[in-house]
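Chains as they are written, first to last, in numbering that gives the first Met the number 0: chain B, 0 to 186; chain G, 0 to 294; chain Y, 0 to 186.
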Amino acid sequence: MYCNQPPKKPGDKKEVLQKITNMARANSLWVTAYGTGCGSIELRPLGTSRFDMERFGIAMRPTPRQADVLIISGYLATKTLKRVIRVYEQIQDPKYIMALGSCTINGGMYFDSYNTLNVLDKYLPVDVYVMGCMPRPEAIIDGFSLLMKKIKEGRAVGWKHYRENLDYYRENQKQIIKNWDLPDYNW
Amino acid sequence: MSILLTVVTALVWGLLLGGISRNVTAKIHGRVGPRVTQNFIDLWKLFRKTSSIHHGGMFWMAPLFRITGAIAVLLMVPVVVGHNINYNMSFAGDIFLLLYIMFFGCLGMALGAGNSGHPYSVVAISRGLAQMSSYELSFSIAVVAVAVGLHTLRIEGIVAAQQAGVSSWNIFRFPFASAGALIAFLPMQMAYPFSIVLAPQEIPIGPPTEYSSRFLSFMFSGRALFSVAKLLLFVNLFFGGASSWMALFVKTFLLYMYAIVVSSVFPRFRTEQSIKFLWLVPTTLALVDLVRVML
Amino acid sequence: MIDKVKKELEIRFPLLKLVREQHNYLHIKVDKAAAADAVLTAKTSLGFTTLQLISAVDRIENGAFQLTWILENYDEQEILLISAYFPRKNCVVPSLSQIWPAASAFERELFEMFGISFPGNPREGEDFLLEGWKDMPPMRRDFETEEYARRTFGERQPREHTDPRQYIGDVVGEWNTPMGRNREEEK
Chain B
0 MYCNQPPKKP GDKKEVLQKI TNMARANSLW VTAYGTGCGS IELRPLGTSR
50 FDMERFGIAM RPTPRQADVL IISGYLATKT LKRVIRVYEQ IQDPKYIMAL
100 GSCTINGGMY FDSYNTLNVL DKYLPVDVYV MGCMPRPEAI IDGFSLLMKK
150 IKEGRAVGWK HYRENLDYYR ENQKQIIKNW DLPDYNW
Chain G
0 MSILLTVVTA LVWGLLLGGI SRNVTAKIHG RVGPRVTQNF IDLWKLFRKT
50 SSIHHGGMFW MAPLFRITGA IAVLLMVPVV VGHNINYNMS FAGDIFLLLY
100 IMFFGCLGMA LGAGNSGHPY SVVAISRGLA QMSSYELSFS IAVVAVAVGL
150 HTLRIEGIVA AQQAGVSSWN IFRFPFASAG ALIAFLPMQM AYPFSIVLAP
200 QEIPIGPPTE YSSRFLSFMF SGRALFSVAK LLLFVNLFFG GASSWMALFV
250 KTFLLYMYAI VVSSVFPRFR TEQSIKFLWL VPTTLALVDL VRVML
Chain Y
0 MIDKVKKELE IRFPLLKLVR EQHNYLHIKV DKAAAADAVL TAKTSLGFTT
50 LQLISAVDRI ENGAFQLTWI LENYDEQEIL LISAYFPRKN CVVPSLSQIW
100 PAASAFEREL FEMFGISFPG NPREGEDFLL EGWKDMPPMR RDFETEEYAR
150 RTFGERQPRE HTDPRQYIGD VVGEWNTPMG RNREEEK
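Right, here's the structure in full:
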């Protein structure tokens, strides 16, 4: 028995599948429970009855292996950056980064600190910024809804960007982390 | 075909029960709570995530062990009395095999998670095995009491003996053994006073710390299946079995709610407190009925 | 009670200067050669058994580091501060890590932040907060923080104005508070 027709393009089917998957990803964001700065205080009320992030399917996971979102909550010291890179690379694809506060955008009030990096985007690909110092839980929920929108539209591709431009990110990271001893493996 | 139907129904029902339980817990906390279908969404998302974690063969096998154990238990328990789904796998003395095979999934999980090398996994497994040996005892004594009292070693025989109305249910005929088994049901479901394996405050999620994406989705479905299998077993052993699908869903739902409600109002025992309690209270309760039956 | 401590210390260290005294608080300044001796005396014979902090202040005008050992007597609820000035160049201070194990951490921190050496501390030179720091110790006052931050973390894009009014307008919350109105009247 021979097939006399050209194989069907799997495009349409795959697209539908991708859409369903994107919906699932957007509605089940698991956050690494890892606070880097003062903003992690504003993350705690999200789990309480007043803000209740569970109704969006957002949950805290204590291990990066099971998480999707890494929240950089506020200023990031170079010492912490090393750990954050480690955590980020342990998260399985697809993964997203949400950055809180003006410190991660341009340094904020720590712009002249000897140990706090200014522009986070140089070191890790940020999908969503939430401005404020610190952003209130409402603002963080707003940031989450923006992230969901981006994922549904398939525009949250920071992790792909990180893979493709690994050299650029590594160079920047090595520039400020003085005793670089991370393994050169990734994912 | 009937096997497939059983497994799929159990999986869907287990995931739905999980979603309902998350909602109930949220309502008790005064929150809105997630969607009821949240567990399906989580499962699909996890299934579609990539994974690049390697910890050796046992690590890969553990979720499969868990699913296999759950399906084995599920197939040995009569689902609906009188329905042909009833005859999945049933033979004289199956209750003893069941008592063994119930812990197959947990042991496979212990081997796999131990292979992952994460300290939290290892701590959780040592706690879990210690606790398992204590609640297994009271549950086994309760089951033996029921089996001796009804002079049968088939689960079907036990179910058949309870078909003469509500008063013939084993929970009324063997109240002490049932109470012991129902207390042992809580640690089996990792419900709160005995939740020392998952222990969110100390060893954040216990054994599955290193598991990600597809492994975790298998593990989740295994857990849903296993919890439905346990619910079915308890319904069959103590609550007169289920004569229709409706009765099945209502009975398993109520039994599940019992674990959820207890779980959301109690704090957690320490390991030694939990083991001491399980060795003393449910075991004594079950023994009372065993002695009564023997005499 | 603190009078008794003061008298005792004055008998043993006649050269001490009194900085400040309250009913349960005493701050004294001793000669640098007598500093370790004074701290030891306070611990062994005056009951100040808890070391709360070792702090350093960069007195660049005097060419000295002011080191202060903050001790507490928990039974009497008394606090004793013993200060001493050490020369700023190649600063060497006796280590107390053999007496209080907790002192080791403070001393490592001071070594990193000020470059003060504590010979006798077995863990001296180990990384504490600044992993792999190669520059001048950052808490010294002749360290140019802003210049260093610009050099290390690169240029950032701050706002062009610092007046929030340009961004949030005239009639937004904070500026209608009594404090905001007062400030306007002053102008």
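C-beta atoms are modelled at their ideal positions from N, C-alpha and C, and glycine is treated no differently.
- D166 of chain B counts as exposed, since fewer than 16 other beta carbons sit within 10 angstroms of its beta carbon.
- The three-state reading of DSSP puts H160 of chain B in helix, counting H, G and I together.
- For the C-beta of R139 of chain Y, not a single chain B residue is nearer than 8 Å; the gap to the nearest is close to 11 Å.
- Per the C-alpha coordinates, the member of Y:V29, Y:E106 and Y:I10 positioned closest to V18 of chain Y is Y:V29.
- Contact between L99 of chain B and I40 of chain B does not hold, since their C-beta atoms are separated by about 11 Å, which reaches or exceeds 8 Å.
- With respect to the C-alpha of V30 of chain B, the residue from B:I175, B:Y87, B:N117 and B:I104 having the closest C-alpha is B:Y87.
- The C-alpha of D180 of chain B is placed about 25 Å away from the C-alpha of S211 of chain G.
- As the crow flies, the alpha-carbon of R150 of chain Y is around 17 Å from that of D120 of chain B.
- Look at T48 of chain Y here: in three-state DSSP terms it is coil, with no helix or strand label.
- Looking only at G:F138, G:I202 and G:L98, the smallest Cα-Cα distance to S125 of chain G is reached by G:I202.
- Interface flag for D126 of chain Y against chain B is set, since a Cβ pair is found closer than 9 Å.
- Per DSSP, Q162 of chain G lies in no alpha helix (DSSP H) and is assigned neither H nor E.
- Cβ contact annotation for V23 of chain G (same chain, cutoff 6 Å, sequence separation greater than five): I259, in chain order.
- The three-state secondary structure of L66 of chain Y, taken from DSSP, is strand.
- Check the Cα spacing between E71 of chain Y and each of Y:P93, Y:K88, Y:E60 and Y:K42: the tightest is with Y:K42.
- Under the 9 Å criterion on CB atoms, F105 of chain Y is classed as non-interfacial with respect to chain B.
- Each of G:T282, G:A112, G:V72 and G:V261 was checked against the Cα of F233 of chain G, and the nearest Cα belongs to G:V72.
- Against chain B, a Cβ distance below 9 Å from G17 of chain G picks out nothing, because the smallest value is about 13 Å.
- When beta bridges are read from the DSSP output, R58 of chain Y appears opposite Y:A63.
- The beta-carbon distance between D288 of chain G and A176 of chain G, rounded to whole angstroms, is 4 Å. This is short enough to meet the 8 Å contact definition.
- Of all residues in the segment 41-57 of chain B, those with a C-beta nearer than 7 Å to a C-beta of chain G are S48, D51, E53, R54 and G56, reading in chain order.
- Taking CB atoms only, K148 of chain B has no neighbour in chain Y less than 9 Å away.
- At least one CB atom of chain G sits nearer than 9 Å to the CB of T62 of chain B.
- Scanning the segment 104-156 of chain B for uninterrupted beta strand (DSSP E) segments of 3 residues or longer gives 127-129, listed from N- to C-terminal end.
- One Cα belongs to L52 of chain Y, the other to G62 of chain Y, and the distance between them is close to 23 Å.
- Put simply, the segment 93-109 of chain B does not touch the segment 138-145 of chain Y. Fewer than three CB pairs are less than 8 Å apart.
- Look at K28 of chain Y here: in three-state DSSP terms it is strand.
- The count of Cβ pairs closer than 8 Å, one atom from the segment 114-133 of chain G and one from the segment 45-59 of chain G, reaches three, so the stretches are in contact.
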